[in-house]
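Taking it in order: structure first as structure tokens, then the write-up.
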Amino acid sequence: MKVPKSNTFFELASMLSKIYRDEADNQAAAQTIKNLKPDQQQAFFDYCKKWKVAPMLYIQLKKEDLLHLFETSVATQFEAIYSKVQQENERRNTEAVKFLAEFNKQGIEVAILKGNLFIHTIHQDSGYKKMNDFDILIHAKDWPKVQAIYDTLGYIPLGFGWSGEKQKPAKFSHVGTSFISANHHCIIGTQWGLKSPSSRYTLNIEEAWTDSLPFDFLGVPVKQLSPEYNLLHLIMHMGIYKCGIRDCMDVYNLLLAEKNWDEDKLVAIFEKTNALEKAYFTLILSNICSDAVDQSLLKRLIPKKNNYLIKRLKSRLRLYEKTGDFQDAYHDYFQKIEINLFYFNIFPEFHKKAFFYGKILRLIFWPKKDIVLRLSDLTPQHSRWEKLLALKRAPRLVFSLIAEEIGWTFTLLLFFKLFFDLLLSLKNYIFKQESYFDYLKGRGISPQEIESAVRNIE
């Protein structure tokens, strides 16, 4: 890779997002901050807020006694956003204790996943990152009992899902329908796997359970995945485009926090789960931010195939060389498609389903210009020819993005199913089916309240 263009904001934010730095790094960070004029300091905060790393940087700036180097108005903004995130996360944790305690009483084994675990194990600070929900791993056989506990606590399902929310776990999925607490403080993501079984990853979840470790969550005995499986989980869920400092920092801070990594064991797990290319993709980008990944590990992961992931990585690195910030290609287009799938499922009427079906097709086949450019990792200074090629590639890249999450076979089946579900919904004009909103009103719940509660998911 060529020497990338210097980008002060990306370099400073990356450096300060690490849990450990040497004195030379801290001195370099201090000097960089001192060199920023007041308007540049404000611009740096805006950059950190945009990329959702401001809470983490506040913690590190306080820890290293660097916050005072910012103008008071800027330092106050860092503190305010951290305090808001900390309060939200602590309220979520307080609510989580309720259902985790019930799980414990009923003998339901549960493991805390990702950020809600790292709050306690890596950071010892509940405000390091805004969380969308509280992800937990259970055994598939316990899903009916878990739903019964949620019902007893008055929690509300977020939609009806494809299946599984009031039935047995769906074989093609690794997650159940999300639930939200009655006070709206906690959205719970309950899963019995770490990745969709229809994806290309081949994970034996029982091996992950066997390798798990005991953990005390605010007085409730639960489980945590081993460091190796926590890293694998982060790697498998790293977005192809939704990957920036915020997403990568869990990876490199986990690597920094655990001192005794067994490289042979890691590589063996990546091989067994068919995650070698995704591991290489994730660790290369994480290393740009942190320089925390051993070169010996990266050498063992060098891919032999130039597949979709590796092509996207090479394209991202070319962008990084030009701009000094690989986040310039960042987007969460997959979530946009997911949201429209969610709405397609909760409305039983044909005309409403047709509206969201049309939106899904538009998102795939006619993405907007900004997304077209980001899908091909192009800078604003692109040529007309590059734009034409990007327009041509866009639908294929969107399909590839979906297939990376759920597999090509299931992606194609999904679109056939959507079409037939749309046709079958015509019968609801004769035989009326309860919609999700009817269900909420039947429980005396305002649909607008639920919509407001989930609106700030990032």
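Be aware that the sequence shown starts at 138, since it is given in this note's numbering, and climbs by one per residue. Just so it is clear, CB atoms sit at the ideal spot from N, CA and C, and this is done for glycine as well. Note that the structure is a prediction, hence the values are computed from the model and not measured.
Taking only three categories from DSSP, how would you classify Q177? Helix at Q177.
Please classify A217: is it buried, with 16 or more other beta-carbons within 10 angstroms of its beta-carbon, or exposed? Sixteen is the threshold: since fewer than 16 other Cβ atoms of the shown chains lie within 10 Å of the Cβ of A217, the residue is exposed.
Considering just the uninterrupted stretch of the alpha helix (DSSP H) at H407, what are its terminal residues? Checking the sequence shown, residue 407 turns out to be Phe, not His. Here the alpha helix (DSSP H) through F407 covers E400 to K409.
Express the C-alpha separation of S520 and A527 in angstroms, rounding to a whole number. Cα to Cα, A527 sits roughly 11 Å from S520.
So the alpha helix (DSSP H) I325 belongs to, where does it begin and stop? Not the alpha helix (DSSP H): I325 falls in the beta strand (DSSP E), residues I324 to Q328.
Here's the rule: buried if 16 or more other CB atoms are within 10 angstroms of the residue's CB, otherwise exposed. What is N172? N172 should be labelled exposed.
Any C-beta of chain D sitting closer than 8 Å to the C-beta of T339? Of the protein chains in this structure there is only one, and it is not chain D.
Could you tell me the alpha carbon to alpha carbon distance between E588 and G495, rounded to whole angstroms? Their Cα atoms are separated by approximately 22 Å.
Using only alpha-carbon positions, find the residue among I582, S154, G296 and P141 that is nearest to C426. The alpha carbon of C426 has as its nearest neighbour, out of I582, S154, G296 and P141, the alpha carbon of S154.
What would DSSP say about V359, mapped onto helix, strand or coil? In the structure shown, V359 adopts extended strand secondary structure according to DSSP, grouped into three states.
Exposed or buried, what is D465 when buried is set at 16 or more other beta-carbons lying within 10 Å of its beta-carbon? Within a 10 Å sphere around the beta-carbon of D465 sit 16 or more other beta-carbons, which makes this residue buried.
Using the beta-carbon count (16 or more within 10 Å), is N390 buried or exposed? It is buried - the Cβ of N390 has at least 16 other Cβ atoms within 10 Å.
Taking the beta strand (DSSP E) that D272 belongs to, which residues open and close that run? Per DSSP, D272 belongs to the beta strand (DSSP E) from F271 to L274.
For F352, which residues does DSSP report across the bridge? Looking at the DSSP assignment, F352 forms a beta bridge with V359.
Assuming E148 and Q178 form a contact by the criterion Cβ under 8 Å, report the distance between their Cβ atoms to the nearest whole angstrom. The beta-carbon distance between E148 and Q178, rounded to whole angstroms, is 15 Å. This is too long to meet the 8 Å contact definition.
With a threshold of 8 Å, are at least 3 pairs of Cβ atoms found where one atom belongs to the segment 442 to 450 and the other to the segment 410 to 417? Touching, yes, given that three or more Cβ pairs across the two stretches are closer than 8 Å.
Check the C-beta distance from Y292 over to A319 and give it rounded, since I have them as a contact under 8 Å. At roughly 7 Å, the Cβ-Cβ gap stays under 8 Å, so Y292 and A319 are in contact.
Is the Cβ-Cβ distance between G264 and P192 less than 8 Å? Between G264 and P192, the gap from beta carbon to beta carbon is short of 8 Å.
Measure the alpha-carbon distance for P141 versus K266 and round it to whole angstroms. Put simply, the backbone Cα of P141 is about 28 Å away from that of K266.
Ignoring anything shorter than 4 residues or poking outside the segment 380 to 450, list the alpha helix (DSSP H) runs there in chain order. DSSP runs (the alpha helix (DSSP H)) wholly in the segment 380 to 450: 382 to 394, 400 to 409, 413 to 427 and 432 to 438.
Can you grab the Cα-Cα spacing for the pair G581 / Q284, in whole Å? Using only the alpha carbons, I get a separation of about 20 Å.
Coarse secondary structure for A277, derived from DSSP in three states: A277: helix per DSSP, three-state reduction.
Inter-stretch contact (C-beta, 8 Å, three-pair minimum) for the segment 219 to 227 and the segment 192 to 202: Put simply, the segment 219 to 227 touches the segment 192 to 202. At least three CB pairs are less than 8 Å apart.
Have a look at G381 and F568 and give me their C-alpha separation to the nearest angstrom. Going by the C-alpha atoms only, they are around 48 Å apart.
Hey, quick one: how far does the alpha helix (DSSP H) through A531 stretch, first residue to last? For A531, the enclosing alpha helix (DSSP H) stretches over residues R521 to I543.
Relative to the C-alpha of I421, which residue among D399, L403 and C385 is closest? The residue with the shortest Cα to Cα distance from I421 is C385.
Could you tell me the alpha carbon to alpha carbon distance between L478 and A150, rounded to whole angstroms? When rounded, the distance between both Cα atoms is 35 Å.
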